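Residue numbers (our numbering), protein chains in the order written: chain A, 1473 to 1750; chain B, 2 to 308.
Notes to accompany the following structure.
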Amino acid sequence: MTESSRNQKILWAIGTLVVLLYALTPVAWIISLSFKDPTTIGDQKFLPTKTTWDNYSAVFQGGLGFNHALINSIGIAMITTLLALTFASMAAYAITRLDFPGKTLILAGALAVSMFPAISIVGGLFNVWRVVGLYDTWPGLILPYLSFSLPLAIYILSAFFREIPWDLEKAAQMDGATGSQAFRRVILPLAMPGVFTAGILVFISAWNDFLFANVLTATDTARTAPVALSYFRGASQFTDPSGAIAAGAVVVTIPILIMVLIFQRRIVSGLTAGAVKG
Amino acid sequence: MAVAAPTTGTVAPTSAHGGLTDRARAERKLAWILCAPAVIVMLLVAGFPILYAFYLSLRRADLRFPDAGEFVGLSNYVTVLSSSTWWRDFGNTMFITVISVTLELALGMLIAQAMYRAIFARTAIRASVLVPYGAVTVVAAFAWRLAFDPTTGFVVAWLNLAPPPLTTHWGSMFVIIFAEVWKTTPFIALLLLGGLALVPEDLYKAAKVDGATAWQRFMSITLPLIRPALMVAVLFRTLDAFRIYDAVFIVTRGANNTETVSILGYLQLVNRLNLGLGSAVAILIFLCVMIIAFIFFRFLGASPERR
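Spelled out as structure tokens, the structure:
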């Protein structure tokens, strides 16, 4: 019995190690590559033999349009998140708290939209956006991001709102709080974790998008960081852009990773609430 | 969000009015107002474009000849469905979908078990598993592409791969699949972990006493009980994998015969500016996704709405 449980312990310890290696190796590799000196970039070694910050300065020098792209990415993802949270909170509140016909239709519609293949609508948007002047603009990306993140946000927020003991609001009012006080002091603090979770997931999905950003933008005006990264070219035809790509990739990834690691509990609960509970 | 919530707290007079009380009527109105922005955005930016794509797919819409836009019926669909490119790309897409979802399930299950049973470093595992989830798909694809790249890739040197994988069809396919699997397995693992947490520990103990092996316990206790979580995870991942675009674009741009249906649609729309054919491809992808979803709902009992 003890023999087998010790064996099991060792087994799971090895398992843990394998999981850690699995998750971290590609990230470690891209970080290592980003520090490699241009002369050693082709040495096919996992760790850099000669480290340098050159790749990072090349990325931020401006020639590659990466600075613009980062600002676009941050701005577009933040505006998307704020709008999605506002609209989705309103809808989720109505869905969980109010009685009205069409509730199931809205939920079913949101579910259907969440399954939409983005490629199926990107062509139509490309054509319409050019006509109405949204092509290569921030709103031109914010709108599709919004429509694709609303279903997720509505589902997560509904799952969270359902758990809120709404009677507390009435109780607070009986104790003499005004309607808005009851909402601000009692309901809002209870709703914030859900709103926050949905916000993180919406931000990540907007930050992660490549297809819309690749088709619906053309210049630095609205091109986002992942797309800029995919168009990195070497300084000349003969320079390998791999170092710059790696540095850019690290810059794009690090802020999200920090956010994910700080809020890991929330993200896990959000992912499970959105997909499993529905 | 401070959105009109206080109004619901107040009690409206309950006088009957055409079957509905004033209060119920006011509640309906408020509900519709609250839902309106979300519904309008989804209708305008998801519902309308898909109808528009269907309209375009029935016309000759080539941006190089903007004036020649007549109605051509289903001929764009005939062109697409009778081309070997579509079927090759469809085959590639199905291959990538089936292999990645299978690998993700197997790996995801192992990772979920490891997270569930981890004796030490529980938080460390969860944190590290979230790293691939947080990595942008483009970055994940670059990490794998550069790892297998003939000039920079350490994997090529370590394993002495000749010819380098990215110069062959199957090699490229697997680099794409690795990038996809690496990035999305954590999502599956987390969903499965949510399912595992619902399995009562006593069941395992009882089965152990009855002499069931670990494999038997997994097959007859774990699997049936986490089935709902499992099916939802598989449904979402299958739909997602079928739409694969980012990883292919970054790793090969469709070279070495690795084009997928999404890449085909993109190339028709953006490079060849043929909106008619591109839209036909887009609608066909949409239909495929709907069929996959239908099969899951109808025959495999996946139901995101009722857990």
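Glycine included, C-beta positions come from ideal geometry on N, C-alpha and C.
Since the model is a prediction, treat every value here as computed from it, not as a measurement.
query                                                                                                                                                   : result
Neighbour flag for residue 1596 (chain A) against chain B, beta carbons, 8 angstroms                                                                    : yes
Contacts around residue 75 (chain B), its chain only, beta-carbon distance under 8 angstroms, and the 5 residues preceding and following it disregarded : 59
Spatial neighbours of residue 1616 (chain A) in its chain, beta-carbon cut-off 7 angstroms, leaving aside the 5 residues before and after               : 1597, 1684
Alpha helix (DSSP H) runs wholly inside the region 226–279 of chain B, at least 4 long, in chain order                                                  : 247–252, 262–267
Per-residue burial, residue 295 (chain B) [other beta carbons within 10 Å of its own, 16 or more giving buried]                                         : exposed
Three CB pairs or more closer than 8 angstroms across the region 1533–1550 of chain A and the region 169–186 of chain B                                 : no
Start-to-end residues for the alpha helix (DSSP H) that takes in residue 1693 (chain A)                                                                 : No alpha helix (DSSP H) holds residue 1693 (chain A); DSSP gives it neither H nor E.
Below-8 angstroms beta-carbon distance, residue 1748 (chain A) vs any chain B residue                                                                   : Low confidence applies here, because residue 1748 (chain A) scores a pLDDT of 46, under 50, leaving its location unreliable and the question unanswered by this model.
Residues from the region 1628–1653 of chain A in contact with chain B, defined by Cβ distance under 7 angstroms                                         : 1641, 1642, 1645, 1651, 1652
Continuous alpha helix (DSSP H) assignments of at least 4 residues falling wholly in the region 63–149 of chain B                                       : 76–82, 85–118, 123–135, 138–149
Same chain, Cβ closer than 8 angstroms to residue 18 (chain B), neighbours up to 5 away in sequence not counted                                         : Here the model assigns residue 18 (chain B) a pLDDT of 47, short of 50, so the residue's position is not dependable, and the following value carries that caveat. Within the same chain, residue 18 (chain B) has close Cβ partners 26.
As assigned by DSSP and simplified to three states, the class of residue 153 (chain B)                                                                  : coil
Neighbourhood of residue 173 (chain B) by C-beta, 6 angstroms cutoff - its chain only, sequence neighbours within 5 removed                             : 167, 253, 257, 259
Residue 1741 (chain A) versus A:1673, A:1603, A:1562, residue with shortest Cα-Cα distance                                                              : A:1673
Test item: CB-CB of residue 1608 (chain A) and residue 1700 (chain A) under 8 angstroms                                                                 : no
Residue 1618 (chain A) versus A:1720, A:1676, A:1728, A:1499, residue with shortest Cα-Cα distance                                                      : A:1676
Stretch pair the region 1581–1592 of chain A + the region 1653–1669 of chain A: three plus CB contacts closer than 8 angstroms                          : no
Touch test, the region 212–230 of chain B against the region 238–247 of chain B, Cβ-Cβ under 8 angstroms, three pairs minimum                           : no
Any C-beta of chain A under 8 angstroms from that of residue 95 (chain B)                                                                               : no
From A:1518, A:1732, A:1506, residue whose alpha carbon lies closest to that of residue 1721 (chain A)                                                  : A:1506
Short Cβ contact (8 angstroms threshold) for residue 236 (chain B) with residue 109 (chain B)                                                           : no
8 angstroms Cβ cutoff, residue 266 (chain B) in contact with chain A                                                                                    : yes
Simplified DSSP assignment, three categories, for residue 1570 (chain A)                                                                                : coil
N-terminal and C-terminal residue of the alpha helix (DSSP H) that residue 33 (chain B) is part of                                                      : 23–43
Rounded C-alpha distance that separates residue 1730 (chain A) from residue 197 (chain B)                                                               : 27 angstroms
Listed by chain order, chain A residues near residue 145 (chain B) by CB distance under 8 angstroms                                                     : 1498
Short CB-CB distance (under 8 angstroms) between residue 247 (chain B) and chain A                                                                      : yes
Rounded Cβ spacing between residue 32 (chain B) and residue 1733 (chain A) (contact assumed at less than 8 angstroms)                                   : Not confirmed; about 38 angstroms, so no contact.
Residue 223 (chain B) - DSSP class collapsed to helix/strand/coil                                                                                       : helix
Rounded C-alpha distance that separates residue 1640 (chain A) from residue 1658 (chain A)                                                              : 7 angstroms
Residue 1508 (chain A) - partner residues in DSSP beta bridges                                                                                          : A:1523
Positions along the region 1506–1522 of chain A whose CB lies within less than 8 angstroms of some CB in chain B                                        : 1513, 1514, 1516, 1517, 1518
Sequence-distant residues of its chain with Cβ nearer than 6 angstroms to residue 1735 (chain A) (five each side left out)                              : 1672
Beta-ladder partner(s) of residue 60 (chain B), from DSSP                                                                                               : B:72
DSSP three-state assignment for residue 1703 (chain A), whether helix, strand or coil                                                                   : coil
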